Every structure is written in C-alpha cells, then in structure tokens.
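For what it's worth, the working numbering labels the leading residue of the sequence shown as 2, then goes sequentially. For every residue, glycine included, the Cβ atom is placed at its ideal position computed from N, Cα and C. Treat the numbers as computed from the prediction; the structure is a model and nothing was measured.
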Amino acid sequence: MPLKTSSIKLTKIADIVSVRAKTLAEVWNSQEPTFNAVRNELGASNLKKLLLIEVGKMVLLLKADMQEQQIEYFVSYIIRWYPSYTISDITSLTDVLVKVKPYGKPTLQNLIYELDQYSIEKQEYAVEYRIKENSKHKAEHLKEDKFTKMYARLKEEAKVPKKTQKQKDEDARRINEEKIEQLQKQYPKTQK
C-alpha cells in the first residue's frame with residue numbers, strides 16, 4: 002500500500018513541476034498550489050524534493066557556481082521566507098535571469114538577492130493589479146449620489162471648450178448687429 006501512495010504523490014509532484022510560468026501576469030493568474038499547500042498535502046520532504054528539482058534546473062540553466070549544500074540552503078531559504086510562493090514563481094525568476102544574465106556565474110548570494118528583488122516586483126505588480134481591479138469595479142458600480150452627479154456635470158462642462166472674452170464680445174456684437182438689421186427692416190427710415 003505505501004507504494005501506491007508514493008506513486009500518487011510522485012504523480013502530483015510531476016503535475017506541479019510541469020507548470021511553467023514565464024511572466025508575473027502568468028504567475029498571478031496561475032491556480033497552482035503554494036508551497037504551504039504542497040507541504041500540507043504531500044509533506045515537507047516531498048516539497049523539498051520538488052524545490053530541489055526546480056532549483057537544480059535553475060542552477061543548471063544559469064550555470065550557477067553552487068554546491069549541493071548551497072542548493073539545499075537556498076531551498077530551505079525559499080521554504081522559510083516565501084511559503085506563499087509557487088513553482089511558477091521560481092520558473093518565472095529563472096526565465097528572467099536566463100534572459101537578462103546579470104551575473105556571469107551567479108552565486109548563492111546573487112540568487113537570494115534576485116529572489117528578494119523578485120518579491121518586491123511581485124508586490125508592486127499585486128498593488129498595480131489591485132488598483133486596476135478596484136478602478137474597474139468602481140467604474141462598473143457607480144452610485145448615483147450628489148458627488149457622482151456633480152462629477153458627471155463637471156466632466157461634461159470640461160469637455161466643452163470655454164470661450165474667451167474676445168469671442169464672447171464678438172458673438173454679442175454679431176447678435177446686436179442682427180437685431181439692428183431686423184429693426185431696420187421692420188421700420189424703414191422715413192425721410193424728413
């Protein structure tokens with residue numbers, strides 16, 4: 002029976018490892034489980050194996066200057082400080098580092114620094130996404146109160162270009178001339 006359970010766990014691990022997100026948007030929209038969820042479902046040792054696979058891929062792709070102990074430390078660092086991350090976060094970071102190649106042969110310190118920077122970028126993306134989401138929600142669900150009516154009126158007024166005083170004077174002069182012409186037609190000049 003233990004053999005069956007471990008084969009199910011290995012299948013789940015294979016499914017999780019097969020997911021490859023390359024951008025923050027893909028990471029944000031992914032539905033894969035976090036490291037905490039994986040640990041709760043599959044156990045801490047399987048989570049560590051899963052991360053060792055992904056970090057091993059990262060080290061190979063980046064040709065990083067890291068030994069086994071450093072890789073294990075990096076995995077422990079990720080589990081401890083980034084439990085809400087997913088495999089997509091690691092793959093996205095790997096893809097960015099492969100494209101940019103900021104280091105010749107990155108070391109453990111370089112990868113920890115890049116992971117921390119990625120965390121900051123992910124938080125900024127989350128804030129921007131939240132702002133867009135809230136703005137969209139507010140635009141779709143406006144309440145008809147005094148403020149929104151006043152805002153709509155002012156927005157309409159802002160669309161109409163305002164006339165300068167010179168234009169207003171010209172319009173008034175033109176209207177007066179038209180009235181004078183009408184009066185002259187109504188009351189022709191009489192000779193004295």
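Where does Ala22 land, buried or exposed, given buried means 16+ other C-beta within 10 angstroms? buried
To the nearest angstrom, report how far apart Arg175 and Ala159 are at their CA atoms. 26 Å
If I follow the unbroken alpha helix (DSSP H) through Ala151, where does it start and stop? Checking the displayed sequence, the identity of residue 151 turns out to be Met instead of Ala. Element bounds for Met151: Lys147 to Lys160.
Asn47 versus Ile121 - alpha carbon distance: 28 Å
Under a Cβ-count criterion, where at least 16 other Cβ atoms within 10 Å of its own Cβ denotes burial, should Pro107 be classed as buried or exposed? buried
May I have a chain-ordered list of the alpha helix (DSSP H) segments no shorter than 4 residues that lie completely inside the region 16-72? 25-30, 36-43 and 45-63
Would the region 22-32 count as touching the region 57-75 if we require 3 or more Cβ pairs under 8 Å? no
Hey, out of Ala153, Lys50, Lys64 and Gln183, whose CA is closest to Leu112's CA? Lys64
Between the region 29-37 and the region 92-101, can you find at least three pairs of beta-carbon atoms closer than 8 Å? no
Closer than 8 Å to a non-hydrogen atom of the ligand MN - does that hold for the CB of Gln168? With respect to the ligand MN, the structure shown offers nothing to examine, as it has no ligands at all.
How is Tyr104 classed by DSSP in three states: helix, strand or coil? coil
Could you pull the start and end residues of the alpha helix (DSSP H) that Lys186 belongs to? Gln166 to Gln187
Keeping to the same chain, check which residues put their C-beta closer than 8 Å to that of Ser85; ignore five residues upstream and five downstream. Thr35, Phe36 and Asn37
Using the three-state DSSP reduction, which class does Tyr78 fall into: helix, strand or coil? helix
Are the CB atoms of Ile88 and Leu116 within a distance shorter than 9 Å? no
Val76 burial status per 10 Å Cβ neighbour count (16 or more: buried): buried
Enumerate in chain order the residues of its own chain whose CB-to-CB distance from Leu53 is below 8 Å, with the five nearest sequence positions on each side excluded. Ile72, Glu73 and Val76
If we count the other Cβ atoms within 10 Å of its Cβ and call it buried at 16 or more, is Ser136 buried or exposed? exposed
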